[in-house]
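Structure first, then comments.
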Amino acid sequence: MNTVQGKIGDRALRAGMVGTGMIFDETYRPFFERARAEGLHGRRFGLVEVPLAAVASRTGKRAEAYRRAAGGRIGDFQSFSGETAVERLLDTGVDFVCVATPDDRHYAVARKVLEAGKHLLVEKPSVLALHELDELERLAREKGVLAKVVYHKLLDPDHKKLRTLVADGQLRHANNGYCSLLEPKQVSGSQFAEWIRGRNPGTYVAVHYIKLIDFTFGGRLKTVSCTGQRGIVGESGGTTWDSTQLRLIYDRDDGREAAFDIHTSWVTPDNFPGYVEQEVQFRFDNGVWNAHSRRRGVECTIEGKTPVEIKISMNNHYNGTFLEPWGERSQRGYGIEAIERFVREVATVEFGGPSAGRADRLREARALAYDDISAERQAVAAVHAMEAILARHAAGEPDGVVRVNHDGKGLVLFLPGAAKPEVLYEGKVWREPA
Ligand SMILES: NC(=O)c1ccc[n+]([C@@H]2O[C@H](COP(=O)([O-])OP(=O)(O)OC[C@H]3O[C@@H](n4cnc5c(N)ncnc54)[C@H](O)[C@@H]3O)[C@@H](O)[C@H]2O)c1
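Right, dumping it as structure tokens:
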């Protein structure tokens with residue numbers, strides 16, 4: 074399937090990248106640079122080259138700055154900007170495309186990628202509504218390609234341990250819990266200034282915990298409610314949210330319920346000691362799991378630098394720059410591992426055996442619930458519901474509640490005082506147990 078020229082050879086996966094902002098810099102760029110230096114090796118697919126072949130963004134400015142700064146760390150790549158940037162990127166013959174545009178612009182780009190028959194990796198949440206997810210799933214199947222989403226917190230060693238203890242029956246039956254994730258004001262104030270209007274920190278970051286809870290504890294999502302505050306990023310009566318509080322209620326097979334509260338903000342003062350403050354507590358029948366990003370172990374003060382230029386508490390597991398004991402400079406962490414895992418899945422599908430077995434390998438990769446978009450239905454349902462509740466709140470109808478699979482409909486919004494509930498999504502979110 075490759076149209077690879079030059080010395081790359083025929084065992085190559087040519088990458089396209091749409092969006093070259095903050096997350097590109099933190100996770101995709103280090104992955105592509107390491108892949109350029111070392112290739113990607115696995116027993117099933119051998120050595121595969123993964124050149125960054127083309128990027129597309131709104132203005133192309135950051136891509137050009139990167140090209141200048143990167144020197145030999147990255148190969149030559151084409152850069153497209155403007156209205157038709159994605160189409161032109163797809164015309165270059167890339168094999169897979171990573172989409173890291175703002176969350177309300179994932180769908181339009183992801184759809185084009187799949188329509189062009191390219192494997193897709195999209196930032197979380199893949200889309201904001203279930204009918205969009207249906208369409209991406211349909212296209213991925215029709216075109217015979219992977220459609221995957223990045224939830225890198227599932228690869229955080231602490232969250233892997235949590236899931237391991239649950240899977241092994243050490244921690245039994247999560248009954249309730251809370252998660253809080255606080256982003257600094259610079260994220261809403263300058264980093265995302267271009268696309269912040271009408272957006273909320275719930276879809277941006279609560280979604281990490283929605284997926285963590287869904288993936289780790291299972292169960293059927295039953296009810297979604299949400300509220301939030303405005304007045305710092307935008308008008309107090311407007312559509313741009315400073316902070317949100319989301320509640321999810323699940324049904325379990327044994328007839329018992331579970332409930333989780335997820336609080337997020339992107340207006341935490343910039344001089345807060347940690348960059349992204351994260352805290353969770355999950356309560357089980359037989360235990361409690363507490364995790365706190367500032368108690369993960371490191372606190373460092375440097376005169377004149379902390380806590381603004383460098384943070385006092387740091388997450389060296391996500392994406393750290395290191396001087397390795399053997400002298401090499403590296404950038405590694407679970408944020409980068411998540412990208413590499415996807416490329417390994419694509420490499421296994423394309424090069425992991427005879428072409429007659431490709432369909433089986435595709436099925437095997439699609440069965441991975443941590444990243445396949447087909448396993449993201451409940452996470453997207455929660456986002457879809459939250460977006461609708463907040464939109465109604467901003468329009469003067471607060472305190473909505475969404476019921477999942479209610480009366481034969483997938484998502485149904487109830488508003489206080491409204492004569493009739495509103496159906497947000499007709500199809501089933503999850504299938505009834507057999
Ligand atoms: N996994 C994580 O923890 C994590 C962290 C940060 C961001 N993200 C996600 O990554 C995505 C991007 O976030 P970011 O922080 O990099 O944002 P950003 O604002 O820094 O960068 C966005 C990029 O998208 C480009 N872009 C915008 N609209 C486009 C369009 N229509 N076509 C092509 N390019 C377009 C911009 O030019 C820019 O390069 C979001 O979905 C966000 O939720 C994930």
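The sequence shown begins at 74 in my numbering and counts up one residue at a time. Glycine is no exception: its CB is placed at the ideal position from the N, C-alpha and C atoms.
Compare the Cα-Cα distances from residue i to each of the options and report the closest residue.
{"i": "N515", "options": "P427, A420 and R356", "result": "Examination of residue 515 is not possible in this model, given that the chain is present from 74 through 507 alone."}
{"i": "L421", "options": "H192, V186, E156 and R476", "result": "According to the sequence as given, residue 421 is Thr; it is not Leu. Per the Cα distances, H192."}
{"i": "G393", "options": "A467, L219, Q404 and E470", "result": "Q404"}
{"i": "R367", "options": "F345, I375, V381 and D358", "result": "F345"}
{"i": "W503", "options": "K258, A491, A492 and G292", "result": "G292"}
{"i": "T132", "options": "R146, R117, G155 and G271", "result": "G155"}
{"i": "H479", "options": "E470, V496 and P198", "result": "V496"}
{"i": "N363", "options": "Y251, K378, F395 and E418", "result": "Y251"}
{"i": "R369", "options": "L203, M387 and A455", "result": "M387"}
{"i": "A411", "options": "K233, L238 and A491", "result": "K233"}
{"i": "L209", "options": "I335, V453 and R303", "result": "V453"}
{"i": "F290", "options": "D98, Q264, F333 and E106", "result": "F333"}
{"i": "E330", "options": "A110, K295 and R178", "result": "K295"}
{"i": "D358", "options": "R245, D343, A429 and A467", "result": "R245"}
{"i": "G89", "options": "A464, L201, A189 and Y282", "result": "A189"}
Which of helix, strand or coil does DSSP assign to residue i?
{"i": "T313", "result": "coil"}
{"i": "A85", "result": "strand"}
{"i": "A521", "result": "Shown here, the chain extends from 74 to 507; a query on residue 521 therefore has no answer."}
{"i": "E350", "result": "strand"}
{"i": "R367", "result": "helix"}
{"i": "K378", "result": "coil"}
{"i": "D334", "result": "strand"}
{"i": "G425", "result": "coil"}
{"i": "P230", "result": "helix"}
{"i": "P274", "result": "helix"}
{"i": "F355", "result": "strand"}
{"i": "E267", "result": "coil"}
{"i": "M459", "result": "helix"}
{"i": "V77", "result": "Because the pLDDT at V77 is just 37, under 50, the model does not fix this residue reliably, and the point stays unresolved."}
{"i": "M90", "result": "strand"}
{"i": "E495", "result": "strand"}
{"i": "T100", "result": "helix"}
{"i": "L441", "result": "coil"}
{"i": "K384", "result": "coil"}
{"i": "E308", "result": "coil"}
{"i": "I409", "result": "helix"}
{"i": "H246", "result": "coil"}
Quick test of your reading: residue i and residue j, contact by CB under 8 angstroms. State the CB separation rounded to the nearest angstrom.
{"i": "W322", "j": "P103", "result": "In the sequence on display, residue 322 carries Ile and not Trp. Wrong, their Cβ atoms sit about 39 angstroms apart, outside the cutoff."}
{"i": "V91", "j": "A173", "result": "7 angstroms"}
{"i": "I446", "j": "L120", "result": "Actually they do not touch by this definition, with Cβ atoms about 29 angstroms apart."}
{"i": "S199", "j": "V222", "result": "4 angstroms"}
{"i": "P274", "j": "S316", "result": "6 angstroms"}
{"i": "V477", "j": "L484", "result": "6 angstroms"}
{"i": "H179", "j": "V195", "result": "5 angstroms"}
For residue i, count the other beta carbons within 10 Å of its own beta carbon; 16 or more makes it buried, fewer makes it exposed. Which is it?
{"i": "Q78", "result": "With a pLDDT of only 38 at Q78, under 50, the local geometry of the prediction cannot be trusted, and the value read off the model is given with reservation. When all chains shown are included, Q78 counts as exposed."}
{"i": "M95", "result": "exposed"}
{"i": "H114", "result": "exposed"}
{"i": "I383", "result": "exposed"}
{"i": "C373", "result": "exposed"}
{"i": "D176", "result": "buried"}
{"i": "Q243", "result": "exposed"}
{"i": "W399", "result": "exposed"}
{"i": "A240", "result": "exposed"}
{"i": "A138", "result": "exposed"}
{"i": "K226", "result": "buried"}
{"i": "K378", "result": "exposed"}
{"i": "T157", "result": "exposed"}
{"i": "R450", "result": "buried"}
{"i": "I375", "result": "exposed"}
{"i": "K134", "result": "exposed"}
Can residue i be considered in contact with ligand 1, in the sense that its beta carbon sits closer than 6 angstroms to one or more heavy atoms?
{"i": "H225", "result": "yes"}
{"i": "A279", "result": "no"}
{"i": "T174", "result": "yes"}
{"i": "R369", "result": "no"}
{"i": "M90", "result": "no"}
{"i": "G483", "result": "no"}
{"i": "R178", "result": "yes"}
{"i": "E196", "result": "yes"}
{"i": "S199", "result": "no"}
{"i": "A183", "result": "no"}
{"i": "S130", "result": "yes"}
{"i": "M459", "result": "no"}
{"i": "G430", "result": "no"}
{"i": "G155", "result": "no"}
{"i": "G271", "result": "no"}
{"i": "I96", "result": "yes"}
{"i": "T93", "result": "yes"}
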